[in-house]
Amino acid sequence: VQASNIVTLLTDFGDADAYVAAVKGALLSASRIAHIVDITHEAPSHDIAAAAWLLRAAYRYFPAGTVHVAVVDPGVGGPRRPIAARAGDWYFVGPDNGVFTWPLRHESPVEAVLLEARRYMRPDISSTFHGRDIFAPVAAHLAAGVPLGRLGPRFDDPVLLDLPTPVIKDDVITGEVAHVDRFGNLITNIDAGRLDKWLADGDARIELCGESAPLAHTYSDAAAGALVALIDSSGMLEVAVREGSAAARLGAARGTPVRVTRAARG
Amino acid sequence: VQASNIVTLLTDFGDADAYVAAVKGALLSASRIAHIVDITHEAPSHDIAAAAWLLRAAYRYFPAGTVHVAVVDPGVGGPRRPIAARAGDWYFVGPDNGVFTWPLRHESPVEAVLLEARRYMRPDISSTFHGRDIFAPVAAHLAAGVPLGRLGPRFDDPVLLDLPTPVIKDDVITGEVAHVDRFGNLITNIDAGRLDKWLADGDARIELCGESAPLAHTYSDAAAGALVALIDSSGMLEVAVREGSAAARLGAARGTPVRVTRAARG
Amino acid sequence: VQASNIVTLLTDFGDADAYVAAVKGALLSASRIAHIVDITHEAPSHDIAAAAWLLRAAYRYFPAGTVHVAVVDPGVGGPRRPIAARAGDWYFVGPDNGVFTWPLRHESPVEAVLLEARRYMRPDISSTFHGRDIFAPVAAHLAAGVPLGRLGPRFDDPVLLDLPTPVIKDDVITGEVAHVDRFGNLITNIDAGRLDKWLADGDARIELCGESAPLAHTYSDAAAGALVALIDSSGMLEVAVREGSAAARLGAARGTPVRVTRAARG
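Protein chains in written order, with this note's numbering: chain A, 1 to 266; chain B, 267 to 532; chain C, 533 to 798.
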């Protein structure tokens with residue numbers, strides 16, 4: 001896939017320090033890429049699964065050839081490998097710690113390389129800040145058209161996270177809350193495609209924290225303050241309260257179990 | 267007005283989720299606009315009046331032809347209409363819920379259209395994320411030069427908020443705090459132009475929360491820690507504490523009444 | 533040094549107001565610079581020393597010719613002077629209050645001017661928002677190639693902060709924590725170059741808050757949860773806890789004393 005000259009950044013560096021700016025300076029020093037877009041820098045510190053989820057929700061909306069850099073990297077300076085990959089229409093650059101699990105598992109083709117070619121990195125590489133010294137310059141060169149294969153040798157075993165997946169048993173799917181967003185919406189790990197197929201023309205009842213919600217089309221289908229389930233904008237089952245916080249109302253958090261029960265349409 | 271190839275974004279999506287990035291991906295996928303500028307993504311959730319105020323403080327400082335996208339949209343998926351408008355030298359894209367009240371009321375000419383032309387939107391439109399699926403691609407096309415009239419039919423009754431306005435009675439104006447900024451400065455809904463005309467060559471005393479402040483020229487006219495009133499950078503009467511927080515000192519918030527009394531210069 | 537058409541912004545305006553957007557609108561209205569990069573807008577309010585530290589950690593990673601704008605400006609509207617400077621390979625624009633202490637002291641050559649040429653500013657200059665009305669348009673013009681000397685007359689006495697510096701006495705250096713980052717890492721004011729030279733081939737023991745830490749190479753050299761000292765990515769001695777917060781563990785903050793003791797290698 002042809003490079004797009006766009007680089008995105010996803011980190012746990014926060015917006016109050018100068019680390020993100022140092023990464024952007026290193027990007028622009030390596031190549032005058034056209035656009036640098038922040039996914040977020042408020043990923044929970046050292047939480048690779050949370051960062052993988054955030055990347056999942058954004059990467060596919062970017063033009064083909066976009067280079068996505070993710071630096072949630074508790075193992076920096078240790079044995080974890082710096083990598084780049086192509087997965088489907090996009091490129092990914094960062095530590096080999098599972099942060100790219102979603103595209104590596106769900107897109108194709110996949111091709112991954114170990115970052116070894118020093119000429120695409122900063123001359124001095126610190127032991128604590130590979131985002132600035134390795135990933136940023138490599139991403140800038142990739143975005144500018146340097147072929148993936150020039151960055152280092154191919155390898156075939158990138159780290160993939162063992163994420164919790166929903167369990168289907170007869171008329172019940174048991175999943176869990178995978179992410180709580182700013183509005184207190186609870187996005188589950190239950191995929192709409194899977195849910196639709198399993199439901200066929202049955203009705204669904206969604207239960208969590210001792211309450212139940214009907215499956216609706218959009219927020220406006222519910223009364224203000226009412227609990228509602230719907231398919232969220234990234235294709236996952238979501239539980240929400242119209243103009244309110246489902247997380248606060250239910251006391252739910254990442255990991256809270258969610259049950260979907262199907263019944264023949266009455 | 268000619269398109270500027272600049273798009274700004276104002277939302278209540280927060281900086282910790284991936285929603286803003288999905289919007290930016292959709293923008294760049296529709297057109298390689300030159301600049302995407304964040305106004306803020308920390309508008310209070312579902313608070314249309316607060317978002318309208320934030321937009322007011324920023325839109326006119328951008329080049330003519332800039333497209334301002336505002337997505338504070340509690341009615342997404344319901345009957346509220348997606349719109350675009352030209353008001354004065356700028357374009358506006360978002361839900362028809364009053365978020366564009368300030369430019370629609372204070373700029374001219376105004377021309378508004380309903381967003382109906384599907385070819386300028388993403389092919390799949392979710393029921394919960396029009397920011398990504400409708401507003402972003404439409405804004406990108408508008409910024410790239412697509413004429414407003416191509417986006418859909420004209421209409422003449424965009425929603426305008428019924429915002430509190432100051433009341434003048436003899437020698438007293440009664441207004442209120444419209445916004446509290448990060449520094450704890452209290453920006454009121456009392457307009458400098460109106461205030462000046464009414465004051466003529468009289469003196470003004472500003473009172474709120476049982477304290478009074480003189481009308482000064484800039485922060486430095488006050489002693490550190492002293493309460494001071496001045497005309498803020500967006501043309502509104504502001505009450506501040508030099509190098510301190512007027513909000514904390516007075517216990518004031520949005521809606522707190524503010525009185526201005528005029529007296530012949532002594 | 534040739535202009536790079538890149539401008540960075542460092543302010544204490546926060547991300548929730550529209551002030552930063554107004555600055556960016558003013559930048560783009562003055563010149564269509566290629567890249568606007570945020571260093572941070574979450575510098576502590578009115579804290580010039582903290583802003584100077586944040587600028588220190590980022591400015592040198594940007595391409596030569598980048599214009600760095602810093603607006604932490606408690607004295608706006610008062611007698612403090614608006615300035616621009618070249619220091620080494622970069623340009624700096626903002627108030628003359630010490631925020632540029634690091635580059636002005638450590639880079640060369642240095643050339644500073646008072647901002648007097650009105651034609652490079654917005655036509656109306658407010659008394660409370662020089663970031664938008666003076667610094668942004670001046671920075672845009674500088675980034676687009678206007679020579680420094682056109683902005684106003686040279687001057688030779690820019691304000692420099694009197695920052696705490698480490699004291700060496702025999703086998704002990706006493707410094708302090710200069711910055712606490714998002715991860716709770718404690719970055720001290722003890723410079724790696726100085727430390728290395730003084731240590732020669734001795735061993736170092738780092739002590740603060742009644743605990744001591746060995747000097748390691750990277751986070752991964754420590755057990756998870758263990759206290760460790762290392763040279764941070766900006767060249768300063770740092771005290772950290774692997775995958776944890778040293779600030780929380782030790783109760784340390786900016787200003788906490790740090791002692792380094794050297795001993796002959798055993």
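By construction, the Cβ of each residue, glycine as well, lies at the ideal position given by its N, Cα and C atoms. Since this is a predicted model, take the numbers as computed values, not measurements.
- Selection C/I719, C/L692 and C/I738 evaluated against C/I705 yields C/I738 as nearest (Cα-Cα).
- The three-state secondary structure of B/G510, taken from DSSP, is strand.
- Rounded to the nearest whole angstrom, the CA to CA distance from C/F594 to A/F129 is 16 Å.
- If you draw a 10 Å sphere on the C-beta of C/E770, you find 16 or more other C-beta atoms in it, and that means buried.
- Pairing A/G235 with A/D191 gives a Cβ-Cβ distance under 8 Å.
- Identification of residues in the region 48-77 of chain A having a C-beta nearer than 7 Å to some C-beta of chain B yields L54, A57, A58, Y61, F62 and P63, given in sequence order.
- Inter-residue distance for A/V37 and A/G210 is about 40 Å (C-alpha atoms, whole angstroms).
- Residue-level contact by beta carbon fails for A/G145 and chain C, as no gap is shorter than 8 Å.
- Under the 10 Å beta carbon count, A/K24 is surrounded by 16 or more other beta carbons and is classified as buried.
- With respect to B/V425, B/D362 sits close: the two C-beta atoms are nearer than 8 Å.
- Counting every other CB atom within 10 Å of its CB across the protein chains shown gives C/A772 a total of 16 or more, marking it as buried.
- Taking C-beta atoms as the reference points, C/I666 and C/A644 fail to come closer than 8 Å.
- Secondary structure in the region 311-385 of chain B: the alpha helix (DSSP H) runs of 4 residues or longer, each lying completely within the stretch, are 314-322 and 367-372 in chain order.
- Between the alpha carbons of C/A795 and C/A732 lies a gap of roughly 10 Å.
- In this structure the region 476-493 of chain B touches the region 595-611 of chain C; the number of beta carbon pairs closer than 8 Å is three or more.
- Contact between A/R122 and A/P137 is confirmed by a C-beta separation of about 6 Å, below the 8 Å threshold.
- Between the alpha carbons of C/A596 and A/R32 lies a distance of about 13 Å.
- By the beta-carbon neighbour count (other beta carbons within 10 angstroms, threshold 16), B/G459 is exposed.
- Per DSSP, the continuous beta strand (DSSP E) segment holding A/D191 begins and ends at L186 to D191.
- By the criterion of a C-beta distance shorter than 7 Å, A/R254 is surrounded in its chain by V177, A178, H179 and V180, once the five residues flanking it on both sides are discounted.
- With fewer than 16 other CB atoms across the displayed protein chains lying within 10 angstroms of its CB, B/R384 is exposed.
- For A/A30 and A/Y120, the gap between their C-alpha atoms comes out near 8 Å.
- Within the same chain, Y386 come within 7 Å of B/V412 by CB-CB distance, once the 5 residues on both sides are set aside.
- Note: C/E743 is bridge-paired with C/L740 in the DSSP secondary-structure output.
- Cα atoms of B/W368 and B/W319: separation of roughly 8 Å, rounded to the nearest angstrom.
- Distances from the CA of C/N537 to each of A/A16, A/S4 and A/A34 were compared; the closest alpha carbon is that of A/A34.
- For the C-beta of C/Y623, not a single chain A residue is nearer than 8 Å; the gap to the nearest is close to 14 Å.
- Sequence-distant partners of B/L370 (beyond 5 residues in either direction) whose C-beta falls short of 7 Å from its own C-beta, in its chain, are A351, A353, V376, P424 and L426.
- The alpha-carbon of A/H46 is positioned some 13 Å away from that of C/G757.
- Per the DSSP secondary-structure output, A/H179 pairs in a beta bridge with A/I187.
- The beta-bridge partner set that DSSP reports for B/A495 consists of B/L481 and B/V505.
- Listed along the chain, the chain C residues whose CB falls inside 7 Å of the CB of A/R132 are Y593 and S765.
- Its chain contains V645, L646 and E648 as the residues whose beta carbon lies nearer than 7 Å to that of C/P685, once the 5 sequence neighbours on both sides are disregarded; these appear in chain order.
- The contact set of B/H312 on chain A, defined by CB atoms closer than 7 Å, consists of E243 in chain order.
- Excluding residues up to 5 positions away in sequence, H307 and E308 lie with their Cβ nearer than 7 Å to the Cβ of B/D281 in the same chain.
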